[in-house]
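In what follows, a structure is listed as structure tokens, so that the remarks can point back to it.
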Amino acid sequence: AVALAAAAGYEWIETRKLLQQAETAADAGDMDVAFQLLEKAQFQAKAAIRQSEHEAEAWRDRVIR
Numbered sequence: 001a002v003a004l005a006a007a008a009g010y011e012w013i014e015t016r017k018l019l020q021q022a023e024t025a026a027d028a029g030d031m032d033v034a035f036q037l038l039e040k041a042q043f044q045a046k047a048a049i050r051q052s053e054h055e056a057e058a059w060r061d062r063v064i065r
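Positions 1 to 65 (the numbering used here) are the ones given, in order, by the sequence shown.
Okay, here's the thing in structure tokens:
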């Protein structure tokens with residue numbers, strides 16, 4: 001999901017930070033925290049994808065009106 005959001009040009013800055021924090025937590029052996037951070041990152045990535053899909057159509061309303 002993160003790669004798709006990045007490919008669409010809508011990757012959120014916070015998402016990469018969450019992935020880095022998850023990796024740090026996993027390296028420290030705190031898998032519960034790592035998975036919680038990964039879930040947040042996935043949610044943000046999916047929201048970014050939805051945002052890109054919305055903007056693909058919404059710009060017409062702003063420009064044409």
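Ideal Cβ positions, reconstructed from N, Cα and C, are used throughout, including at glycine.
For residue i, does the count of other Cβ atoms within 10 angstroms reach 16, so buried, or fall short, so exposed?
i: E11; result: buried
i: A41; result: buried
i: T24; result: exposed
i: A58; result: exposed
i: V2; result: buried
Compute the beta-carbon to beta-carbon distance between residue i and residue j, rounded to the nearest angstrom, for a pair I have assumed lies under 8 Å.
i: A22; j: L37; result: 4 Å
i: A45; j: A34; result: Actually they do not touch by this definition, with Cβ atoms about 16 Å apart.
i: I49; j: A8; result: 6 Å
Mapping the DSSP letters down to three states, classify residue i as helix, strand or coil.
i: W12; result: coil
i: D27; result: helix
Could you check which residue in the options has the C-alpha nearest to that of residue i?
i: L18; options: D61, R50, R60, E39; result: E39
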